[in-house]
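**Student:** Numbering-wise (the working numbering), the sequence shown opens with residue 94 and increments by one.
We put the CB at the ideal spot given by N, CA and C, even for glycine.
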Amino acid sequence: MNTYATLKVERHGPVGWLIFNRPEQLNAMNNEMRDELADAWKELDGDPAVRAIVHTGEGRAFQTGVDVAEIAGDGIGMQRYQRSVEEWDLHFTSWHQQVWKPVITAVNGICAGGAFHWVADADIVIAASDAQFFDPHVSIGQVVSLEAIGLIRKMPVEAVMRMAFVGRHERLGAPRAYELGMISQIVDPPERLRDEAQALAEKIARNSPAAMRATKRALWGALERGLTDACRAGAGELVSMWGHPDQEEGPRAFAEKREPNWQDLTER
């Protein structure tokens with residue numbers, strides 16, 4: 094297991110945890126965090142004992158985007174970030190890293206600007222009842238782009254537009270984010286967020302790892318394609334499970350009224 098300066102990576106039973114750990118900087122992403130995120134996602138995705146992943150932040154903020162202080166201070170940070178965007182060489186979300194295990198983003202506190210990368214790219218998003226969402230990019234002369242493009246596939250276009258153009262002058266609370274489909278669960282009191290995320294991840298982890306991997310590929314792939322092409326690709330993922338041991342184990346366990354003994358992803 095790797096050690097990280099800006100992140101915490103933990104395992105709790107079948108659930109892997111990836112936690113932003115720069116609470117004094119509201120978990121803003123500096124160069125070191127960008128590099129570490131690429132490794133941390135791959136570490137958890139490659140661990141056969143981890144069947145679902147939860148992503149959250151330490152302190153009073155989930156995440157607040159790029160570390161503006163670093164960019165303003167040394168200039169090098171901005172050069173690296175600009176180059177990675179120009180070359181489409183991004184590695185900081187599970188989608189960027191092609192993580193095919195289920196990923197839950199658990200939003201604690203402030204979620205601002207670039208933090209929406211992890212909201213848009215997660216499979217499931219839950220939030221504490223005191224979470225606040227806003228995108229200040231245009232308020233500081235920056236463009237709203239990649240994060241909002243991802244969100245537009247998950248929630249009403251006008252809601253994303255409003256957030257993009259109002260900037261830092263309006264915040265969404267957890268109830269409104271739920272109404273708009275940005276999140277699927279509000280956790281109250283907020284202190285129970287991690288317990289609820291762990292419980293949800295444990296439910297997910299009871300299912301076939303191979304079937305979930307193929308399912309995630311099919312569903313995310315559908316966002317990239319038109320209807321017919323998406324269904325054709327989805328059919329390929331469906332067929333990929335035919336002959337897999339889990340396809341026989343699932344019905345057998347159901348008939349025998351016991352928990353299934355799924356095959357680890359690395360065993361095939």
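Please classify Asn354: is it buried, with 16 or more other beta-carbons within 10 angstroms of its beta-carbon, or exposed?
**Tutor:** Label assigned to Asn354: exposed.
**Student:** Which residues in the same chain have their Cβ closer than 7 Å to the Cβ of Gly206, if we skip the five residues on either side of it in sequence?
**Tutor:** Within the same chain, Gly206 has close Cβ partners Thr157, Gly158, Asp228, Pro229, His230.
**Student:** Leaving aside the five residues before and after Leu286 along the sequence, list all residues of the same chain whose C-beta is less than 6 Å from its C-beta, in chain order.
**Tutor:** Answer for Leu286: Ala199, Asn201, Ala221, Val280, listed in chain order.
**Student:** Helix or strand or just coil, what does DSSP make of Trp110?
**Tutor:** Reduced to three states, the DSSP call for Trp110 is strand.
**Student:** Which residue wins for smallest C-alpha separation from Asn120, given the options Glu103, Ala131, Val161, Pro107?
**Tutor:** Closest option to Asn120, Cα to Cα, is Val161.
**Student:** Val212 lies in the alpha helix (DSSP H); which residues open and close that run?
**Tutor:** From DSSP, the alpha helix (DSSP H) with Val212 extends over 209 to 213.
**Student:** Please state whether DSSP places Gly314 in a helix, a strand or coil.
**Tutor:** Note: Gly314 maps to helix in three-state DSSP.
**Student:** Which same chain residues, not among the five before or five after Ala154, have their C-beta less than 7 Å away from its C-beta?
**Tutor:** Cβ within range, chain order: Leu119, Asn120, Gly202, Ile203.
**Student:** Could you check if Phe258 is buried or exposed, using at least 16 other CB atoms within 10 Å of its CB as the buried criterion?
**Tutor:** Its Cβ having fewer than 16 others within 10 Å, Phe258 is exposed.
**Student:** Can we say the stretch 99 to 108 touches the stretch 132 to 146, given the rule of at least three CB pairs closer than 8 Å?
**Tutor:** Judged by Cβ distances under 8 Å, the stretch 99 to 108 makes contact with the stretch 132 to 146, as three or more pairs qualify.
**Student:** Tell me the rounded alpha-carbon separation between Glu295 and Gly319.
**Tutor:** The alpha-carbon atoms of Glu295 and Gly319 are separated by roughly 33 Å.
**Student:** Kindly indicate which three-state DSSP category Asn99 falls into: helix, strand or coil?
**Tutor:** A small fix is needed here, since residue 99 is Thr in this sequence, not Asn. DSSP places Thr99 in coil when its eight states are reduced to three.
**Student:** If you run the structure through DSSP and keep just helix, strand and coil, what is His230?
**Tutor:** Three-state result, His230: helix.
**Student:** By the three-class DSSP mapping on this structure, what secondary structure does Leu155 have?
**Tutor:** A quick correction: the sequence has Phe, not Leu, at residue 155. In this structure, Phe155 counts as strand in the three-state DSSP scheme.
**Student:** Please list, in chain order, all residues of the same chain as Ala416 whose beta carbon is under 8 Å from its beta carbon, the five residues on each side excluded.
**Tutor:** The first residue shown for the chain is 94 and the last is 361, placing residue 416 beyond what the model contains.
**Student:** Take Leu130 as the anchor and find which of Glu103, Thr99, Gly150, Arg115 has the nearest alpha-carbon.
**Tutor:** For the residues Glu103, Thr99, Gly150, Arg115, the minimum Cα distance to Leu130 belongs to Thr99.
**Student:** Bridge partners of Cys204, per DSSP?
**Tutor:** According to DSSP, which records beta bridges pairwise, Cys204 is partnered with Gln156, Phe226.
**Student:** Is Arg287 a contact residue of the ligand MG, with contact defined as CB to any heavy atom under 7 Å?
**Tutor:** The model on display carries no ligand, and the ligand MG is accordingly not part of it.
**Student:** Figure out for me which residue from Ile219, Trp211, Glu179, Ser187 has the closest Cα to the Cα of Leu293.
**Tutor:** For the residues Ile219, Trp211, Glu179, Ser187, the minimum Cα distance to Leu293 belongs to Ile219.
**Student:** Straight-line CA distance for His189 to Leu183?
**Tutor:** For His189 and Leu183, the distance between alpha carbons rounds to 6 Å.
**Student:** Could you check what DSSP says for His366 in three-state terms: helix, strand or coil?
**Tutor:** The chain is shown only over 94 to 361; residue 366 falls outside these bounds and no answer can be derived.
**Student:** Any idea if Leu244 is buried or exposed, counting beta-carbon neighbours within 10 angstroms, 16 or more meaning buried?
**Tutor:** Buried: at least 16 other Cβ atoms inside 10 Å.
**Student:** From which residue to which residue does the beta strand (DSSP E) around Ala221 run?
**Tutor:** It spans 217 to 221 - the beta strand (DSSP E) in which Ala221 sits, taken as one unbroken run.
**Student:** Less than 8 Å between the C-beta atoms of Gly314 and Ala326, yes or no?
**Tutor:** It is a contact, given that the beta carbons lie within the stated cut-off.
**Student:** Judging by CA-CA distance, which residue of Arg127, Asn124, Val102 is the nearest neighbour of Glu136?
**Tutor:** Among Arg127, Asn124, Val102, the Cα nearest to that of Glu136 belongs to Val102.
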